[in-house]
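Heads up, the sequence shown is in numbering that gives the first Met the number 0, so the first residue is 0 and it goes up one at a time.
We treat Cβ as the ideally placed atom computed from N, Cα and C, and that holds for glycine.
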Amino acid sequence: MKKYDVAIVGGGPIGGHVAKIIARDGYKVAIFEEHEHIGEPLKCAGLVTPRPLQLTNISEKLVVQNKIKGANIHSPSGNILTIGGNKTHAFVIHRPKFDREIINQSMEKGAEVFLENKIISAKKQNNHIELKTKQNNDISCSLLIGADGPFSKTRESFNLPRPVEFLNGIGAEITGTNLEPDFVEIFVGKNIAPGFFAWIIPTNEQGSEARMGLCVNQDAPHPPNYYFSNFLKNKNIKPYLKNMDIIRKTGGAVPLGSLRKTTESNVMLVGDAAAQVKPTSGGGIYTGLICANHCSSVALDALQKNDFGNKRLKKYHKLCNNEIGKEIKIGMKFRNIFKNLTDEQLDRYVIKFQESKITESISKYGDIDYPSKLAKPLLKNIPALIKFLPKIIRK
Ligand SMILES: Cc1cc2nc3c(=O)[nH]c(=O)nc-3n(C[C@H](O)[C@H](O)[C@H](O)COP(=O)(O)OP(=O)(O)OC[C@H]3O[C@@H](n4cnc5c(N)ncnc54)[C@H](O)[C@@H]3O)c2cc1C
């Protein structure tokens, strides 16, 4: 049986980041990844602010494919709200390269990476954890970190709570598009993406390649495929997809709603496994990395004290809650209102928000990582908006 101080399930960006920080201090760390290649299959649109690159120390040159200045939000009946446009608000990154770079960094610090090693069981034995892989490898560790994505085996094995809900996503990498190169196109509506939205994100500076996709509620009347086929036929997106070819299809689930508990004795969850995801956009790279920093600092404290009891580990849960808990909570409240809006209401909001005072405020104060921060300046500058904004913001 192989023995490690820390075993990490999942070779995604969040597991890799945790591994790097813990291995850097000389502890024996192993990452177990079920797939043959890091970063594949792709399950991401790759839109992030510059913060994840700063947090991981990855240079723009390595992973940034395009820079985004604004967004056109299309209402169900075709009205368009344009926001931003003044400066770079987000990067489009090459996700597989980003993931590989983080895993390489962890290996440089001494972490061992085992590909094609799917963890199929995890059990507590006395004061350590024993793991088994599908390939019949036995592993023992003092601390197990579940960074194994939305349907975490680690979470299930230790009866930790499930996310409040899952969005089902589908997407594609495409060529032959005719897009404004620095604008993202967002489409809302019950027949387009019930409970969420659809997107087209230009991935090159010519606007001729893109990632498109959509997510739907878990209780949507039809599977994501159905909405994707309809989306391709939608008359409002036709002008963007003139000579469109699908290179490859992507998919994936987005877990939403903070868990009540993310630790157990000898066990911690991080990233999508702990639903550390922004409910308004489905983005989990930045929030996951913030929590990965807290996860590794509490793990290092436990390793130094040789104490893996939940009393010590649960400090991590509190640290994450202090930093991103409020944003996720407000995001969930906002989402619960958004997902129940009718197409008529969505049309009305898009038209109302076209007022220049509103778009200027959004461009000035909007921050994809902290959407709730926009509410105050919006209401201060445009008090009349109060009757338009959903209940949560009025409170
Ligand atoms: C359609 C879609 C679009 C998205 N777009 C964006 C975006 O534009 N911006 C953004 O910030 N976020 C986006 N996200 C979310 C983002 O992809 C996740 O938040 C991010 O990948 C979380 O990283 P992670 O390391 O926690 O999990 P993952 O990236 O899911 O990594 C988990 C890893 O664990 C492995 N694994 C799982 N179970 C086992 C097991 N039993 N044994 C071994 N290995 C295992 C998996 O193979 C995987 O490699 C999107 C998600 C989806 C579905």
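State the DSSP-derived secondary structure class of residue i, mapped to helix, strand or coil.
i	result
residue 64	strand
residue 211	strand
residue 0	coil
residue 377	helix
residue 99	helix
residue 438	Because the chain spans 0 through 394 in this model, residue 438 falls outside it and cannot be assessed.
residue 357	helix
residue 238	helix
residue 112	strand
residue 370	helix
residue 349	helix
residue 230	helix
residue 12	helix
residue 195	coil
residue 222	coil
residue 396	Nothing in the structure corresponds to residue 396, since the chain is present only between 0 and 394.
residue 83	strand
residue 24	coil
Using 8 Å for Cβ pairs, my map puts residue i next to residue j. What's the rounded Cβ distance?
i	j	result
residue 154	residue 268	6 Å
residue 152	residue 133	Their Cβ separation, rounded to whole angstroms, is 11 Å, which puts residue 152 and residue 133 out of contact at 8 Å.
residue 275	residue 350	Contact flag wrong, Cβ pair sits at about 35 Å.
residue 31	residue 63	In fact, because the Cβ distance is near 29 Å, the residues do not count as touching under 8 Å.
residue 260	residue 159	6 Å
residue 290	residue 273	7 Å
residue 202	residue 321	Not really, about 35 Å apart at Cβ, beyond 8 Å.
residue 292	residue 239	Wrong, their Cβ atoms sit about 38 Å apart, outside the cutoff.
residue 94	residue 41	6 Å
residue 189	residue 342	6 Å
Would residue i pass as a contact of residue j if the rule is Cβ separation under 8 Å?
i	j	result
residue 146	residue 17	yes
residue 223	residue 167	yes
residue 119	residue 55	no
residue 125	residue 191	no
residue 194	residue 219	yes
residue 78	residue 346	yes
residue 183	residue 198	yes
residue 247	residue 45	no
residue 207	residue 175	yes
residue 7	residue 144	yes
residue 70	residue 185	yes
residue 85	residue 68	yes
residue 108	residue 27	no
residue 262	residue 313	yes
residue 165	residue 149	yes
residue 380	residue 360	yes
residue 173	residue 243	yes
residue 270	residue 21	no
residue 110	residue 29	yes
Nearest to residue i by alpha carbon, out of the options?
i	options	result
residue 98	263, 5 and 284	284
residue 39	50, 60, 21 and 9	9
residue 25	270, 77, 106 and 91	106
residue 300	92, 142 and 65	142
residue 334	278, 291, 178 and 366	278
residue 340	305, 187 and 242	187
residue 83	362, 366, 378 and 367	362
residue 131	33, 328 and 315	33
residue 255	331, 189 and 205	331
residue 115	36, 318 and 374	36
residue 309	243, 329 and 127	127
residue 3	259, 360 and 113	113
residue 257	59, 163, 202 and 93	163
residue 365	316, 359 and 373	373
residue 282	196, 121 and 380	196
residue 73	357, 368, 353 and 294	353
residue 326	357, 293, 280 and 217	280
residue 297	13, 286, 311 and 288	311
residue 357	81, 43 and 121	81
residue 140	15, 302, 292 and 57	302
residue 253	205, 369 and 287	287
residue 228	241, 217 and 213	213
residue 294	368, 5 and 1	5
residue 92	11, 49 and 157	49
Using a C-beta cutoff of 8 Å, does residue i count as contacting chain C?
i	result
residue 66	Here there is only one protein chain, and chain C is not present.
Counting only runs of 4+ residues fully inside the region 249-327, write out the alpha helix (DSSP H) ranges in chain order. If we require 4 residues or more, the alpha helix (DSSP H) runs fully inside the region 249-327 come out as 284-304, 309-312 and 314-319.
Alpha helix (DSSP H) segments (min. 4 residues) lying fully within the region 115-184: Counting only unbroken stretches of 4 or more residues, the alpha helix (DSSP H) elements lying wholly within the region 115-184 are 152-156, in sequence order.
Give the list of continuous beta strand (DSSP E) stretches no shorter than 3 residues that lie fully inside the region 34-81. 63-67 and 69-73, all fully within the region 34-81.
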